[in-house]
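Numbered by our numbering, the letters in the sequence shown go through residues 155 to 1134 in order.
Notes to accompany the following structure.
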Amino acid sequence: VELPPGPGIAVVLVLEYVMSEPAAQSGAPKAQQTLSVRYGAYSLPEDQQQQQQPPARVALQLGGGPDSRFPDKAAAVQAERQAGPLRRARAPGSTLTLQQQQQQALMSNPVFLLSQVLMRQGYGVGVEQDPFASAGHLSSRSGPLVATVNGGSASAAADASLAPLRRHLSTAVCALGRGDFTRLAGAGFAPILDAYGEPPEVVDEAKRPPADLRLEEEDPMSGNELVLQFLAYSAGTGTANRPRSVFLAFQFYRFPHLTTERLALADASFTEDGRAFILERAAAAAATAPGFEVRFSAEPALPGERARLAAHLRDHSLHIDVFDGDSLLYIGSCGLGLRPLLRQGKKAVQTWQVLAILQPDQPAERQMRAAPQLHVRAACVGYRAGAGPGSTRSLHLAEPSSGQRSAPVDGTRRSSARAKVVRVHQADLPKDLRVALNGGAGDDSDRARRLARLQAVKAANPQVAEPDVHAAAVIRADAASREKSLRELHTIDFVRERAKDSVIMDLLESTISVEHDIHTTFGCTEFFEFAFDNPSNNVEDVSVEVEDTERRLQILTDPAVTLALKAHFGVATNTERDLFHRDDAEGGPGNTAQAARLTARPRERVLIPFRYFETGAYAAAGAATAAESSQPRQPGGLPAFRLGEGGPDTSDERRVKAYVRSKSGVLLSVLHVRVHRHPAAVDQTLRFYQSESTFFKRSIRMPPLPAVAGDGNQVTYLCSDPNAVCHVQQPKQSGDPVDLFVKLSCGESPRMQRLLLAVYTDPFQIAPRVVTQLLVQSLQQVDITCSLGQPAQRALLIRGFANTRRICCYPSHPGEISVEPSEPFALPAATSREVTVAVQPRSVGRASYRVSLVDADLHQLLKCWLFNVSCELPELIRTLDVALPLGGGRHCNRKFNYTNEYSIAKRFIVSCNRPDLLQFSPTEMSLPGHGQDTIRLHFVPQTSPGRASIFFFIYDDAGRNEETVLFRVTYGDAANAAER
């Protein structure tokens, strides 16, 4: 293309995406839409406009995106306000500032550009990629793009360091209606203020630029206080079993698992669909503001803590489980997006989100349309380290006293303790001790003085010479007390003599001991080197022994593993390839050992590499267990947690030792390792229900792991439960999903088991790529087979407990399963009670229902049943085809005549399996013998074409099915033509 000279002449290239949607009817053309997502412009530089030969090759970067201000959605710059309306190719040799390089890297990321286009066109797409992760290299490494619409995520199958794995997904839906927003705004929730007493800035994620982690790391306000306020609960449209109270369970970042108290729904008597009910705390905390607030404070006490927290907020969503506060049954889960909580240099930010609660037992088409909703306000307030906000409870991660992780543990730092000789005069001792030290007898002068006083008293009063019975009793009691004190002193002396050897050995051992602190979590590897100094002037063959029953602290005998760990943790010390003896260098599993031997030169310092691999889950005192996570906490103060300096350490702590001995067995040095275990940051949570005393077998699909392709590494795993059997299926090529098979033995109902699964792509299992949490609850299984429209009953026997309890049974689907009695009743100790459960499904096929037995006074889950129902097609009396137009009309109202076939008068009850599609009146009929009545039917209009099968049932007063009619309803254009 020949370009004439001129500053206003340029070649503009536009990259367009053609998006097609499937047609509503077969045979119709697909709806297509063209989106201009990227563009570029090239013009000759001023110094080359007069040259006859323009450059033969020009590198042109495409960027930009659509702007809603233009009706034709032409490619106009909205993200580049500094670069001008068009992006021009730069001449070779020109320099760019750091901000311009970042902007070019942003515009060269197709994942970010397509996500911005889809979000502005009305598609809910969340991109889990940081375009600033590797400036200048994304354009050459970008791979095929995969986007999931409506609450999904878009990710690029690129390099492992550039494509973070898909985490918990956000379930945020549209904004609040004005009526609900007005009611929530005037409810009087606790205000959230920053360090200057101002409300945080409200963040609009759609208009916000991509997150830059460097802004988080360079922020002078290094502390972050994250505030979560749960404001209201909406039961959703068409929900018959709206709870009266709810409670939540979640785990944020590396803080302990938290279960809230029971939160009542204010004004629960209203029956309006989709109404937002304000959450209120118990009566004991009625004086506080409505809603429930949790505060998490994080300070950078450990190396890299700020970067880890910022990456967690960018790539994760908070997984929240919602439970019914009365029945303690699981309602569903929702995801709170944490990306808006990145402050990006601001003092404080906040976001309001309405989260759809996804229910596993609901059809997919009802998940986002009619699902319950949770209203949450989240904020992140910055503060300077050391001046953080106060908290009632805290989780403290102190910096290890032995230095950074990369520094070796110095074995020359000794601590000495010497025994002090204490001289005490006998006159300063108590009387009993003076008597004991003198062999049971007092001083001679004191005894003579007392005898002389007694003789003088007797001479002055002859009556005293007679023996006094009371005085004799007092003397005997004094002698008994003296004897008891002597026995106690002899016992103390005996214990001291027995413990003297161990105390002396501990004091001597402390002079050659070194202490080291490790902060770790499940599935992570910690590496350090112990600096041992040979105290002898001779060559010593020393042995290193680890005293750890769980075999988590290990000696690294393979130099390849040591080099890999040093490269990962940034340790620059020298690595000896023949440090240990050859027979010990072979090691055990994973090229590690619990004991090894080496030869030390005179007065030589040797760096002994150690690895601590955490295989157990966090189990500190006060942390919520898996069983407690499905039960509400007791009402009390609002919880607040702190991650950083200045608070007590509530982590799960264990101690292990390592000994260095000479060939003759002389102890040369002792290493004390204090391990502080903290909760793991979970990437995804899966909940299952399994029959009690059976084996749980599932195949868990993990996200694709691009790092496995082409490097020969195998995908490995780690399970927190040693009794679980796991097996991983290796991907055949890059981008293939990874399937992890899990087999677990389940206990009795209602036991809840929690498993953590860590998946690795590196051969040495240094850091997990993804951590999955499995919650498996054991339920007592009951199998029932029935016909559609005919209720099936089953009796449950409830045995009494150790004491009298007031209990109540709750079904998970009140419209399809009922329990009699439905009200709370008292169950005396050592007695039994029979409860009747009636099941009446509304669709043909298999379905699962749950019934919980709850202590009505203590709100404790006592037992839970799992009803597996197989519903078959009933015997049909009539089948009627109904054609209805779209949008309603007179054809939506029909009549149905029913005749009493009996010669006596009977009462009949009318019902159907789709009350959302069919309405009728009357619902009850009293007909004489061979009498007839008309039932008026109204089919709810629909706006989209389709088909539906509606079963219409008629029962007698005893609940027996008299007649079943099938309406095969068609909504479409043919019915519209008939209407016209």
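Beta carbons: idealized from backbone N, C-alpha and C, even for Gly.
Measuring CB to CB, does residue i end up less than 8 Å from residue j?
i: Glu-970; j: Arg-996; result: yes
i: Val-430; j: Asp-334; result: Per the sequence shown, the amino acid found at residue 430 is Ala instead of Val. Contact: yes.
i: Leu-492; j: Leu-509; result: no
i: His-673; j: His-830; result: yes
i: Val-1064; j: Thr-1077; result: yes
i: Arg-468; j: Val-381; result: no
i: Asn-1047; j: Leu-1081; result: no
i: Leu-910; j: Gln-927; result: yes
i: Ala-1165; j: Ala-344; result: The structure shown does not extend to residue 1165, since the chain spans only 155 to 1134, so no value can be given for it.
i: Leu-1016; j: Glu-988; result: no
i: Cys-900; j: Ser-874; result: no
i: Leu-512; j: Thr-325; result: yes
i: Leu-402; j: Leu-338; result: no
i: Leu-942; j: Val-998; result: yes
i: Met-375; j: Gly-536; result: yes
Name the one or two DSSP bridge partners that residue i has.
i: Ile-762; result: Phe-684
i: Val-649; result: Val-649 is not bridged to any residue.
i: Met-906; result: Gln-931
i: Ser-697; result: Arg-751, Arg-815
i: Arg-808; result: Val-829
i: Ile-1108; result: Val-1064, Glu-1117
i: Thr-414; result: None; Thr-414 has no bridge partner.
Express the C-alpha separation of residue j and residue i in angstroms, rounding to a whole number.
i: Leu-167; j: Asp-837; result: 41 Å
i: Ser-109; j: Val-1008; result: This structure cannot settle anything about residue 109, because the visible part of the chain is limited to 155 through 1134.
i: Asp-890; j: Tyr-914; result: 15 Å
i: Arg-129; j: Gly-445; result: With the chain represented from 155 up to 1134, any question about residue 129 goes unanswered, as that position is not in the structure.
i: Gln-270; j: Glu-170; result: Its pLDDT being 43, under 50, Gln-270 is placed unreliably by the model, and the measurement read from it follows with that caveat. Roughly 14 Å between the two C-alpha positions.
i: Glu-807; j: Ala-455; result: 18 Å
i: Ile-370; j: Arg-759; result: One point to set straight first is that residue 370 is Glu, not Ile, in the sequence displayed. Taking the straight line joining both Cα atoms gives about 41 Å.
i: Tyr-1137; j: Val-924; result: It is not possible to answer for residue 1137, since the shown part of the chain is limited to 155 through 1134.
i: Arg-396; j: Ala-389; result: 6 Å
i: Glu-669; j: Ala-533; result: 40 Å
i: Phe-842; j: Gln-1096; result: 35 Å
i: Glu-977; j: Arg-705; result: 53 Å
i: Thr-1118; j: Asp-1035; result: 14 Å
i: Thr-679; j: Thr-716; result: 12 Å
i: Val-936; j: His-529; result: 36 Å
i: Val-892; j: Pro-885; result: 6 Å
i: Ala-750; j: Leu-707; result: 13 Å
i: Gly-1126; j: Arg-1101; result: 9 Å
i: Val-327; j: Ala-525; result: 10 Å
i: Pro-1039; j: Arg-1032; result: 23 Å
i: Leu-840; j: Ile-854; result: 9 Å
i: Ile-1089; j: His-967; result: 28 Å
i: Pro-225; j: Tyr-871; result: For Pro-225, the pLDDT reaches just 35, beneath the cut-off of 50, and the residue's location in the model is therefore unreliable, leaving the point undetermined.
i: Ser-548; j: Ala-794; result: Since pLDDT at Ser-548 reaches only 33, below the 50 mark, its modelled position is unreliable, and no value is offered.
Please state whether DSSP places residue i in a helix, a strand or coil.
i: Pro-965; result: strand
i: Leu-463; result: helix
i: Thr-769; result: coil
i: Arg-657; result: Reading off the sequence, residue 657 comes out as Val, not Arg. Looking at Val-657 - three-state DSSP - the assignment turns out to be helix.
i: Gln-609; result: helix
i: Glu-1117; result: strand
i: Thr-716; result: helix
i: Arg-601; result: helix
i: Ala-339; result: helix
i: Phe-446; result: strand
i: His-1135; result: The structure shown does not extend to residue 1135, since the chain is modelled only from 155 through 1134, so no value can be given for it.
i: Ser-1080; result: strand
i: Arg-996; result: coil
i: Ala-912; result: strand
i: Lys-361; result: helix
Is there at least one Cβ from chain D nearer than 8 Å to residue i's Cβ?
i: Lys-720; result: In summary, chain D is missing from the structure at hand, where a single protein chain is found.
Please confirm if the segment 1018-1027 is in contact with the segment 1109-1117, defined as three or more CB-CB distances below 8 Å between the two stretches. no
Stretch-stretch touch, CB-based, cutoff 8 Å, three pairs: the segment 688-706 with the segment 809-826: yes
If you pair each beta-carbon of the segment 816-827 with each one of the segment 843-860, do three or more pairs fall below 8 Å? no
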